[in-house]
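In full-length UniProt numbering, the protein residues as written are 1 to 150.
Ideal Cβ placement from N, Cα and C applies to all residues, glycine included.
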């Protein structure tokens, strides 16, 4: 019985071309990663190509297997995610008071009032009359003008 060397299928090597290559390189530029930084991130994800091979691939001189290309793309995309601008929060991301009031937290005044609401009636201590206190005002104690509660 003859022994033939075990043949493993070699992964197909490819290089993006045209608009795919342009988009790949544009994403790399937007990431701000140097080749060294890209290679370190790629290697950390399990990439197998050396730094020189990555440089050659980026220059269009050497193809890489699709998995290695995808690991490079993933390293770039992770960096782009880190750089993403802040996103507008949804109402579920806001503190409960801001989500139910309809006012942004910064719209509140230091005294707790909001610009679109009436100012609270000044508090007075019992027995301390003010010049605007006419005795008719509902002080929130539970009685109406006619003296009944309710």
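What is the DSSP secondary structure of residue i, counted as helix, strand or coil?
i, result
"residue 94", "coil"
"residue 64", "strand"
Tell me, to the nearest whole angstrom, how far the beta carbon of residue i is from that of residue j; I am working on the premise that it is less than 8 Å.
i, j, result
"residue 75", "residue 45", "6 Å"
"residue 47", "residue 71", "4 Å"
"residue 80", "residue 31", "5 Å"
Tell me the residue span of the alpha helix (DSSP H) that contains residue i.
i, result
"residue 87", "From DSSP, residue 87 is part of no alpha helix (DSSP H); its letter is neither H nor E."
"residue 19", "18-31"
"residue 49", "From DSSP, residue 49 is part of no alpha helix (DSSP H); its letter is neither H nor E."
So the candidates are the options; which of them puts its Cα closest to the Cα of residue i?
i, options, result
"residue 39", "69, 30 and 22", "69"
For residue i and residue j, I'd like the C-alpha separation in whole angstroms.
i, j, result
"residue 66", "residue 58", "14 Å"
"residue 230", "residue 90", "Nothing in the structure corresponds to residue 230, since the chain is present only between 1 and 150."
"residue 84", "residue 77", "10 Å"
"residue 62", "residue 16", "11 Å"
"residue 73", "residue 93", "30 Å"
"residue 82", "residue 60", "27 Å"
"residue 21", "residue 29", "12 Å"
"residue 24", "residue 52", "18 Å"
"residue 34", "residue 41", "11 Å"
"residue 96", "residue 64", "51 Å"
"residue 36", "residue 27", "16 Å"
"residue 43", "residue 86", "28 Å"
Indicate whether at least one CB of chain B lies closer than 8 Å to the CB of residue i.
i, result
"residue 88", "In the structure shown, chain B cannot be found, because there is only a single protein chain."
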